[in-house]
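> These protein sequence lines map, in sequence, to chains Z and R. The first sequence lines up with residues 761 to 936 when you count with the working numbering. The second sequence lines up with residues 19 to 520 when you count with the working numbering.
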Amino acid sequence: MFSKSKKGKQKFIACTDKNKKYEFANPKELYIKQGKENIPIEIVSDKKGFVYIIWKKKKYQVEIIEKNQNQYEVLVNGVSYPITVESPFSYKRRKFLAKSKEQSKVERIQAPMPGKIVEFLVEEDQEVKEGEPLLILEAMKMQNEIVSNIQGKINKINFNLEDNVMKDDVLIEVEK
Amino acid sequence: MKKINSILIANRGEIAIRISETARKMGIKTFGIKTSKEPGAYYLQFMDEIIDFTEQISEIPEFLDIDRIIYAVKEHNIDSVHPGYGYLAENPYFAQKCKDEKIIFIGPSPDSIYKLGNKTIAKQLASSHKVPLLEGSNGNIRNPKHAKQLANKIGYPVILKAASGGGGRGMRIVEKEEDIEKMFRMAQNEAEKAFADPSVFMEKYVRNPRHIEFQILADHHGNIIHLGERECSIQRKHQKLIEESPSIALSAELRQKMGESAINIAKASNYRNAGTVEFLLDETGNYYFMEMNTRIQVEHPVTEMVTGFDLVEWQIKIAQDEKLDIKQKDVKLKGWAIECRINAEDVQSGFTPNLGTIEKLSYSKGKNCRFDTGITEGSNVTPNFDSMLAKLICYGENREKAIASTLSALNKLQIQGIKTTIPFCKAVLNHPKFKSGDISTSFIAKDMDQLYHQEKDEEMIAAFWAALNYNVELETEDKTYVDYEKGKSMTPWLMNKRLKSL
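#1: Drop a sphere of 10 angstroms on the beta-carbon of residue 278/R, count the other beta-carbons inside from all chains shown, and report buried for 16 or more, exposed for fewer.
#2: Spell out the partners DSSP gives residue 775/Z in its beta bridges.
#3: Express the C-alpha separation of residue 382/R and residue 460/R in angstroms, rounding to a whole number.
#4: Based on DSSP bridge pairs, tell me the residues matched to residue 390/R.
#5: By the three-class DSSP mapping on this structure, what secondary structure does residue 77/R have?
#6: Can you give the beta carbon distance from residue 64/R to residue 25/R, rounded, assuming they're within the 8 Å contact cut?
#7: On the criterion of 16 or more Cβ atoms from any shown chain inside 10 Å, does residue 102/R qualify as buried, or is it exposed?
#8: I want to see whether chain Z comes within less than 8 Å of residue 488/R, judged by CB atoms only; does it?
#9: Going by DSSP, what residues sit across from residue 236/R in a beta bridge?
#10: Mapping the DSSP letters down to three states, classify residue 53/R as helix, strand or coil.
#11: Does residue 499/R have its Cβ less than 8 Å from a Cβ in chain Z?
#12: Among all the DSSP beta bridges, which residues are the ones paired with residue 899/Z?
#13: Let me know if residue 225/R comes out buried or exposed under the rule of 16 or more other beta-carbons within 10 Å of its beta-carbon.
#14: Determine which residues of the region 765-790 of chain Z have a Cβ less than 7 Å from any Cβ of chain R, and write them out in chain order.
#15: Output, in sequence order along the chain, the residues in the region 836-851 of chain Z whose CB is closer than 7 Å to any CB in chain R.
#16: Which of the three DSSP states, helix, strand or coil, is assigned to residue 24/R?
#17: Mapping the DSSP letters down to three states, classify residue 167/R as helix, strand or coil.
#18: 8 Å is my cut-off, CB to CB: does residue 808/Z come that close to chain R?
#19: By DSSP, does residue 31/R sit in helix, in strand, or in coil?
#20: Does the distance from the C-beta atom of residue 298/R to that of residue 227/R stay below 8 Å?
#21: Between the C-alpha atoms of residue 250/R and residue 318/R, what's the straight-line distance to the nearest angstrom?
#22: Exposed or buried, which one is residue 390/R when buried takes at least 16 other CB atoms within 10 Å?
#23: What is the DSSP secondary structure of residue 438/R, reduced to helix, strand or coil?
#24: Drop a sphere of 10 angstroms on the beta-carbon of residue 804/Z, count the other beta-carbons inside from all chains shown, and report buried for 16 or more, exposed for fewer.
#25: Which chain Z residues are close to residue 373/R, counting only those with a beta carbon under 8 Å from its beta carbon?
#26: With respect to the alpha helix (DSSP H) encompassing residue 421/R, which residues constitute its N-terminal and C-terminal limits?
#27: Between residue 206/R and residue 229/R, is the Cβ-Cβ spacing less than 8 Å?
#28: Looking at the secondary structure, which residues open and close the beta strand (DSSP E) in which residue 878/Z lies?
#29: Report all residues from its chain with a CB closer than 6 Å to the CB of residue 166/R; omit the five preceding and five following residues, and keep chain order.
#30: Would you mind telling me which residues of chain Z sit closer than 9 Å to residue 404/R, beta carbon to beta carbon, in chain order?
#31: Residues of chain Z with a CB under 8 Å from the CB of residue 118/R: which are they?
#32: Could you tell me whether the Cβ of residue 380/R comes closer than 8 Å to any Cβ of chain Z?
#33: Between the region 53-68 of chain R and the region 83-90 of chain R, are three or more C-beta pairs nearer than 8 Å?
#34: So which residues of chain Z does residue 522/R contact, with C-beta pairs closer than 7 Å?
#35: Helix, strand or coil for residue 105/R per DSSP?
#36: Around the Cβ of residue 763/Z, are there at least 16 other Cβ atoms within 10 angstroms (buried) or fewer (exposed)?
See below:
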């Protein structure tokens with residue numbers, strides 16, 4: 761079903777968020793190498809339009825739910841995998857940059873879900889411990905405690921009481 | 019009382035559809051409420067008539083607007099109201115209003131709802147009828163200092179609960195003295211917000227208990243039976259996620275004893291209609307009365323599957339004064355049933371609500387498998403409503419077979435467009451401790467290392483799919499290809515087309 765590329769082998773490195781890497785030489789040839797063996801992959805779709813990969817007689821439902829340049833969020837059987845795809849060159853560059861990059865001093869506390877801020881438990885310039893609750897976010901009728909994941913000082917509070925926030929909005933910045 | 023010819027279903031989602039199905043079977047006309055928050059909702063397709071509440075006339079949410087609902091019932095000359103669960107299901111004032119207006123409320127009397135809904139009164143009822151109880155505050159806590167005194171007397175850990183609460187909201191476990199004052203204030207705050215009643219009481223907290231509840235049916239002629247138990251120990255933050263019937267923890271003897279206690283509670287409160295008595299069961303077989311829910315429960319289908327009774331049908335029959343012609347000895351629990359709640363939640367980010375549109379939905383349905391859904395393709399999941407989208411209920415001759423049939427149905431259940439609790443349910447059902455029946459309400463927190471199920475090579479498949487998509491995309495860019503299909507989701511045909519155009 762797939763025509764083969766006329767170009768030469770192109771290697772891709774797909775990294776997970778835990779920095780585990782998978783290498784694929786020319787993925788369009790539709791196989792995954794295991795040991796010395798190339799095991800073929802089949803891509804199928806059912807009448808509803810769900811897409812599946814069949815590999816080693818097992819069927820996996822796949823779906824890309826978010827994409828930003830070379831960063832993908834892939835759902836396989838409903839489980840989410842954040843994957844960054846690099847060429848061997850860009851992979852080396854990324855590793856190099858990561859090493860030389862200075863550790864960020866400011867921790868941005870993001871909203872884990874959309875909701876309304878119903879209570880602030882801290883003020884700006886206040887010292888907080890790791891795990892200390894910062895504010896209460898109400899979503900789907902539940903009150904959720906948002907805690908600091910580092911020890912530090914409250915640098916900035918970006919919202920007001922009763923504000924509605926979106927998922928991933930930076931609520932509070934804590935300085936190490 | 020006269021025969022019911024029409025019902026206003028004062029609810030939405032899967033339960034509105036569930037009620038309409040029984041009503042249709044009984045030849046009863048159904049009325050549904052259309053709201054501005056989801057005017058194209060799936061449940062509306064199941065109603066004989068739709069009452070339009072889309073015009074915003076007050077700040078009160080549509081399904082909580084007692085005056086508007088009563089007015090609609092009168093205006094359309096409807097015989098009865100079924101409240102479903104949540105919303106006005108356990109609001110004694112609403113039940114009283116219906117009574118005053120000569121509308122049949124499909125549920126217990128306002129007095130029973132009031133007494134059992136107030137946990138403090140409910141506990142007094144239980145203790146005066148020799149039903150075992152946990153040590154607690156015996157009433158509401160006055161202030162943080164009072165909370166501290168009581169907790170020191172009862173001994174940590176303790177649990178704080180909203181007196182008018184339910185469904186896990188307004189509950190907090192306190193492990194140590196430093197936290198008690200803060201937690202008390204938070205529980206009070208949450209109770210005030212959720213139930214417009216800040217009253218909070220305290221109990222001793224039992225570690226590793228099982229949540230066992232008994233289904234009750236009582237008519238207006240003095241007949242009262244129980245339909246066995248449901249085990250709802252798989253909970254996260256007091257929200258039930260997987261339920262089953264019967265429970266592996268109950269011997270016939272213990273079932274009889276707990277069933278009798280459940281019936282005693284119902285008798286003590288003059289209970290009529292369907293209800294559920296909740297108990298905590300400890301590791302040595304001691305049980306404690308928790309509360310009685312005066313409504314149809316989310317998890318009622320597991321009882322229906324093992325007893326063969328239609329609980330909504332009995333709710334309606336009892337409401338129209340029919341006699342309960344089933345005797346306790348006729349109630350037999352046959353086989354095993356498991357229910358999985360399919361919620362719009364991202365399990366991998368701490369069960370946070372996941373909003374969006376249901377793009378595709380596919381599931382299998384059959385004699386041993388029921389899918390009670392409130393959504394269909396094209397449904398929107400918004401923050402206005404609860405995150406529960408649907409329930410998958412599967413049956414087997416025994417527990418082992420029920421687990422196998424549930425897993426097989428979960429594998430066939432696919433939802434695109436939103437993250438759901440399906441990978442979580444698979445993880446529970448595959449867990450060796452769940453399989454052996456060794457569960458408690460702290461199962462999720464204590465026994466699960468990973469909250470979602472992963473097949474061995476899934477991560478590599480994900481990596482491959484991303485690499486393939488990136489590869490195709492890069493090469494189309496190389497050829498300064500105008501991407502007319504940009505933003506479309508990838509399908510094999512689209513992929514094939516792109517590959518060919520290289």
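Here a beta-carbon is modelled for each residue, glycine too, at the ideal position from N, C-alpha and C. For clarity, every value in this text was computed on a predicted model and none was experimentally measured.
According to the structure data:
#1: Exposed: under 16 other Cβ atoms inside 10 Å.
#2: DSSP lists 781/Z, 844/Z as partners of residue 775/Z.
#3: Cα to Cα, residue 460/R sits roughly 31 Å from residue 382/R.
#4: Bridge partners of residue 390/R: 409/R.
#5: DSSP places residue 77/R in coil when its eight states are reduced to three.
#6: That belief does not hold up - the Cβ atoms of residue 64/R and residue 25/R are roughly 12 Å apart, past 8 Å.
#7: Answer is buried; the Cβ neighbour count reaches 16.
#8: For residue 488/R, the answer is yes, since a Cβ of chain Z falls inside 8 Å of its Cβ.
#9: Residue 236/R is bridged to 242/R, 291/R.
#10: Residue state for residue 53/R is assigned as coil, using DSSP reduced to three classes.
#11: With a pLDDT of 46 at residue 499/R, under the threshold of 50, the modelled position of this residue cannot be trusted, and the question is left open.
#12: DSSP lists 902/Z as partners of residue 899/Z.
#13: Exposed is the call here.
#14: Contact annotation: in the region 765-790 of chain Z, residues whose CB is within less than 7 Å of a CB in chain R are 765, 770, 772, 774, 776, 782, 784, 787, 788.
#15: So the list reads 836, 837, 838, 839, 840, 841, 843, 845, given in the order they occur along the chain.
#16: The answer is strand: DSSP assigns residue 24/R an E or B state.
#17: Three-state DSSP puts residue 167/R in a helix.
#18: Output row for residue 808/Z: interface = yes.
#19: Here residue 31/R sits in helix by DSSP.
#20: Taking 8 Å as the Cβ cut-off, residue 298/R and residue 227/R qualify as a contacting pair.
#21: Answer to the nearest angstrom: the Cα atoms are 11 Å apart.
#22: With a 10 Å radius around the Cβ and a threshold of 16 neighbouring Cβ atoms, residue 390/R comes out buried.
#23: Here residue 438/R carries a coil assignment [DSSP, helix/strand/coil].
#24: Counting the other Cβ atoms within 10 Å of the Cβ of residue 804/Z gives fewer than 16, which makes it exposed.
#25: Contacts between residue 373/R and chain Z, judged by CB atoms closer than 8 Å, involve 874 in chain order.
#26: Residues 417-430.
#27: The answer is no: Cβ separation not under 8 Å.
#28: Taken as a continuous stretch (DSSP letters only), the beta strand (DSSP E) holding residue 878/Z covers 875-880.
#29: Hits under 6 Å: 198.
#30: Going along chain Z in sequence order, the residues near residue 404/R (Cβ under 9 Å) are 900, 901.
#31: Neighbours of residue 118/R on chain Z: none; closest Cβ ~29 Å, over 8 Å.
#32: Yes, because at least one Cβ of chain Z sits closer than 8 Å to the Cβ of residue 380/R.
#33: Output reads no: the region 83-90 of chain R does not touch the region 53-68 of chain R.
#34: Past the edges of chain R, shown from 19 to 520, lies residue 522/R, and the structure says nothing about it.
#35: If DSSP states are grouped into helix, strand and coil, residue 105/R belongs with coil.
#36: For residue 763/Z, the predicted structure reports a pLDDT of 43, less than 50, and the residue's modelled location is therefore unreliable. The matter cannot be settled from this model.
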